[in-house]
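Peer 1: Protein chains in written order, with our numbering: chain A, -6 to 208; chain B, -6 to 208; chain C, -6 to 208; chain D, -6 to 208. Note that CB positions come from ideal geometry on N, CA and C, so glycine has one too. Remember, it's a predicted structure, so these values are computed and weren't measured experimentally. Provided herewith is a single structure, encoded as structure tokens, for subsequent inquiry.
Number of protein chains: 4
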Amino acid sequence: MARWNKSVLNPEQQRSLKREVLYQVAAAAFRRNGYHGTSLVDIAETLGVSKATLYYYVKNKQDLLFQCHMAAADQALATICTDPSLNGLEQLRRSLAAYIVSIIGEGSFSVVILEERSLSDEQLRVVIEKRDIFERRLQDVVRTGVTDGSILRCDPKFAVFSALGAANWVTKWHRPEGAWTIDEIAEASASLLCRGLAAGPVPGCPSNRLYGGQP
Amino acid sequence: MARWNKSVLNPEQQRSLKREVLYQVAAAAFRRNGYHGTSLVDIAETLGVSKATLYYYVKNKQDLLFQCHMAAADQALATICTDPSLNGLEQLRRSLAAYIVSIIGEGSFSVVILEERSLSDEQLRVVIEKRDIFERRLQDVVRTGVTDGSILRCDPKFAVFSALGAANWVTKWHRPEGAWTIDEIAEASASLLCRGLAAGPVPGCPSNRLYGGQP
Amino acid sequence: MARWNKSVLNPEQQRSLKREVLYQVAAAAFRRNGYHGTSLVDIAETLGVSKATLYYYVKNKQDLLFQCHMAAADQALATICTDPSLNGLEQLRRSLAAYIVSIIGEGSFSVVILEERSLSDEQLRVVIEKRDIFERRLQDVVRTGVTDGSILRCDPKFAVFSALGAANWVTKWHRPEGAWTIDEIAEASASLLCRGLAAGPVPGCPSNRLYGGQP
Amino acid sequence: MARWNKSVLNPEQQRSLKREVLYQVAAAAFRRNGYHGTSLVDIAETLGVSKATLYYYVKNKQDLLFQCHMAAADQALATICTDPSLNGLEQLRRSLAAYIVSIIGEGSFSVVILEERSLSDEQLRVVIEKRDIFERRLQDVVRTGVTDGSILRCDPKFAVFSALGAANWVTKWHRPEGAWTIDEIAEASASLLCRGLAAGPVPGCPSNRLYGGQP
DNA sequence: AATGAATGAGGGTTCATTCAT
DNA sequence: TATGAATGAACCCTCATTCAT
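So, in structure tokens, the structure goes:
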């Protein structure tokens, strides 16, 4: 399925297309076995090429991981919904659902579950920087919701951490053959998380006191 | 800090005490660098002993991981709150908070973040079996809450998956030097998650339609 | 001497040629120091390559031993003389002489002196099976001799065991720098052993009563 | 069976008795798995003691092997028959038979099959020196036979090498549970070998020309 | 006399990486 | 572009040996 043999495009595109497939295959392998648990042979075999060939498309194993991180960050950024016709809560919900789809769907570059210690300091800096942009945008969505009254008063940073955590974790237990479809999981998770952040007291819920409940 | 020299107990206890410390140190290393990314030298050095000494207490590196999993499962089981004087939602909240404390606090054996492919098939079976018990007990708490009306009607399995996911993820971003204390994180996370599951409609929350809101 | 650099053949042959040299060098090392007493570094150094390179040609150290056993069995099989113009005794003598040359001469794969416990059960089964063919063919030669009257009536199995034992033992004391040439040793040993099996009473020999000879 | 617990003697004898058992157990293990293939734990377990305890009775693993060699050489020396009422051939036959019994029977110290490279140079010197005495005495027996006309004219050194080779090899294929008893094997082997050395032409035997046949 | 605990040295094996073809 | 061959570094693990008890 992932062999990159037959696609016919101009050479420059060929190359970047192959690279993309490589990143996806690598990311999938990394997700399954961890960075150190994945050998380049694993990846090469999945692609139907030799181990040495990989070095035509990536500088390094470490660099390969880095590229996955970067691609994943871009992918994540694209899932944020800021449709002004919706309130913040709904924007958040849609963003989270789209994000979940993006990390467990086919073509995912996501490698968030991985030990970040595998990157060099410099690489880690760049990755975190890029991921911060994503997180800050999501925080903005939360702030929008707080302002328009759809989300309860809370620490946006913590809220986003929590939401993304639950979202990212899905990659651990999601099985393509499982009972739930990707969309179902995404919708259900996003809704669950948003309920936790929705404004207004929830009758009998102890967390009211923490988040301040009503404005 | 973790050197195991001075404790004076009878030899049998010494041994099992050392083993316990070993598991904790190993689990911490595994959490940080992944299973394959952790070398036995790392662990040995942290303990101030030689690499060969470890084999006095564990059969294998793989077995070491297995033992961490088992200890972690026990630790998790102990966090479940079933105090009958509390409603299900509150039981759940306390359980989650305690669970979070147990996995990021000192003395944690937690290795849930790890690539499960590192265990042998047989080991994995045993671990999953044991972990299932924990998850099923938590699901029971959710069911209790649904019955007593404190938790909205939902799929308990999915609810627990989500809650544990968000909880487990904390190990990824929690930094001991960070702004939040362990207890704060535990309380806030647990509350947030419980709000998402609390019965009763949340004004303006789109997830109401999913979980059915009030019965 | 044993470096495998310069030979110019097509790549497929190169590979199997190298493998052959590897087996010979390994067999020689095993013979000298035993299986467990031989390190892969020893072999690699003799070949002038790095230890890791060996794994390009063999799966395992154990597999290396196994391959030596197999090659040795083939080599042994090729030494059996069944020339119908000769009587059984002479066939046996020539076979034994050729066999001795094959195990102590250059290019020998022989590893019979080794602890067989070093092979896996399955490997041992295969090796023994193959070696049995060789031994049974030699036994056939003995039977031929008994039939044509050149060899005394005896248990062919035991006779072959004994003859091969004495032959194999030569690998223990033979020194290339020694006083005897390989051919001399082979001839002398074979003759000695054959005399022991030749038909007809040997005057004053106590073994007459054991093997009966013809009355 | 080999546990050394209950025997009641005076302490000095206890000690040397234990040592003797230790040598036998070690020799047996060495014979089976080779020197390097035998771990001290193997030996200790067979004796029912801890690994460290062995160091009360031997200086070294290497020294343990050395002691086996020495004991084996003594044992071998004791098998030589020089009964002047017998001719040389019969003396030789009895010697060989006794020797074979001594190396495969219970209580054997024999380690001749082993890689001699496992000894230190000095130890090897001593062992070879001692073994030379044995071989030279056997050669003397052969010479006696040649003189009294019972053994054909031959190189005594080579004759003894061959005979001992065949004898030693028995340790490789002898199985206690096998079809032949130890005595049968010893008798048959000795006879076979002696037939090969007996004076007088063997009808139709090609080796006549080698050994000069009748004087 | 005996042993549990600890260790240094060394061996087998894997793997990312390079290079000539 | 692609790959077979080769390697050094690192890792897991074993084992002979020592020492305090």
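Assuming V105 of chain C contacts N161 of chain C (C-beta within less than 8 Å), just tell me the rounded distance between them.
Peer 2: 5 Å
Peer 1: Would you check if the segment 91 to 98 of chain B and the segment 57 to 75 of chain B touch, i.e. whether three or more CB-CB distances between them fall below 8 Å?
Peer 2: yes
Peer 1: L203 of chain D CB to nearest chain C CB: under 7 Å?
Peer 2: At L203 of chain D the pLDDT is 40, less than 50, meaning the model places this residue with poor confidence and gives no usable figure here.
Peer 1: Compare the beta carbon distance of T31 of chain B and A22 of chain B with 7 Å and say whether it is the shorter of the two.
Peer 2: Yes. Within cutoff.
Peer 1: Quick one: give me the first and last residue of the alpha helix (DSSP H) that S155 of chain D is part of.
Peer 2: P149 to W166
Peer 1: Does the Cβ of P149 of chain D have 16 or more other Cβ atoms within 10 Å, making it buried, or fewer, making it exposed?
Peer 2: Result: buried.
Peer 1: Could you say which of D:K165, D:R130 and D:T137 lies nearest to P77 of chain D if we only look at CA atoms?
Peer 2: D:T137
Peer 1: Would A192 of chain C and L131 of chain C qualify as a contact pair, given that the criterion is a beta-carbon distance under 7 Å?
Peer 2: Contact check for A192 of chain C against L131 of chain C fails: the beta carbons are separated by 7 Å or more.
Peer 1: Please list the partners that N26 of chain C has in chain D, where partner means a Cβ-to-Cβ separation under 7 Å.
Peer 2: Close to N26 of chain C, with beta-carbon spacing below 7 Å, are these residues of chain D in chain order: E108 and R110.
Peer 1: Check whether the Cβ atoms of V18 of chain B and L85 of chain B lie closer than 7 Å to each other.
Peer 2: no
Peer 1: Once DSSP output is grouped into helix, strand and coil, what is the label at A64 of chain A?
Peer 2: helix
Peer 1: Hey, is L185 of chain B's beta-carbon within less than 7 Å of any beta-carbon in chain A?
Peer 2: yes
Peer 1: Do D141 of chain A and N80 of chain A have their CB atoms nearer than 7 Å?
Peer 2: yes
Peer 1: In whole angstroms, what separates the C-alpha of Y204 of chain D from that of N26 of chain C?
Peer 2: For Y204 of chain D, the predicted model reports a pLDDT of 40, less than 50, meaning its position is unreliable and no value from the coordinates is stated.
Peer 1: Just the chain D side, please: which residues come within less than 9 Å of G217 of chain C by C-beta, in chain order?
Peer 2: Beyond the ends of chain C as shown, which are -6 and 208, falls residue 217 of chain C; an answer cannot be given.
Peer 1: Are the CB atoms of A159 of chain A and A159 of chain B within a distance shorter than 7 Å?
Peer 2: yes
Peer 1: Look at the alpha carbon of H29 of chain D and the alpha carbon of K44 of chain D, and state the distance between them as a whole number of angstroms.
Peer 2: C-alpha separation (whole angstroms): 16 Å.
Peer 1: On the three-state DSSP scale, how would you describe A192 of chain C?
Peer 2: coil
Peer 1: Look at the Cβ atom of V173 of chain B, then the Cβ atom of F154 of chain A, and state whether they are nearer than 7 Å.
Peer 2: Correcting the residue type first, residue 173 of chain B is Trp in the shown sequence and not Val. In this structure, F154 of chain A does not lie closer than 7 Å to W173 of chain B by Cβ.
Peer 1: If you follow the alpha helix (DSSP H) that S9 of chain D is part of, which residue opens it and which one closes it?
Peer 2: P4 to N26
Peer 1: Going along the segment 68 to 100 of chain C in order, which residues come within less than 8 Å of chain D, judged by CB to CB distance?
Peer 2: Near chain D, meaning a CB-to-CB distance below 8 Å, the residues of the segment 68 to 100 of chain C are N80, L82, E83 and R86.
Peer 1: Mind checking who I144 of chain B pairs with in its DSSP beta bridge?
Peer 2: B:A191
Peer 1: Which residues of chain D have a Cβ atom closer than 9 Å to the Cβ of R124 of chain C, listed in chain order?
Peer 2: Under the 9 Å cutoff, chain D gives no residues; its nearest Cβ is about 11 Å from R124 of chain C.
Peer 1: Under 7 Å between C-beta atoms, does G30 of chain C make it to chain D?
Peer 2: yes
Peer 1: Going along chain C, which residues have a C-beta under 7 Å from F154 of chain D?
Peer 2: W166
Peer 1: The ligand ADP and I36 of chain D: does any heavy atom of the ligand fall closer than 6 Å to the residue's C-beta?
Peer 2: The model depicted lacks the ligand ADP and carries no ligand whatsoever.
Peer 1: Any beta carbon of chain A sitting closer than 7 Å to that of R188 of chain B?
Peer 2: yes
Peer 1: Please report the straight-line C-alpha distance between G100 of chain B and V34 of chain A, rounded to a whole angstrom.
Peer 2: 37 Å
Peer 1: For the alpha helix (DSSP H) holding T39 of chain A, just list the boundary residues, first then last.
Peer 2: Element bounds for T39 of chain A: L33 to L40.
Peer 1: Taking only three categories from DSSP, how would you classify S95 of chain A?
Peer 2: helix
Peer 1: Nearest CA to the CA of E284 of chain A: which residue from B:A20, B:Q116, B:R24 and B:P4?
Peer 2: Because chain A is modelled from -6 through 208, residue 284 of chain A falls outside the range shown and cannot be assessed.
Peer 1: I'd like to know whether the C-beta atoms of L185 of chain B and A156 of chain B end up nearer to each other than 7 Å.
Peer 2: no
Peer 1: With a cut-off of 8 Å on the beta carbons, I'd call R87 of chain A and G189 of chain B a contact; round off their distance for me.
Peer 2: Contact doesn't hold; Cβ gap of about 17 Å is too wide.
Peer 1: Rounded to a whole number of angstroms, what is the C-alpha to C-alpha distance between Q207 of chain A and T164 of chain B?
Peer 2: Unreliable positioning characterises Q207 of chain A in this predicted model, as indicated by a pLDDT of 31, which lies under 50. A coordinate reading is not provided.
Peer 1: How long is the line joining the alpha carbons of Q6 of chain D and L15 of chain D, rounded to whole angstroms?
Peer 2: 14 Å
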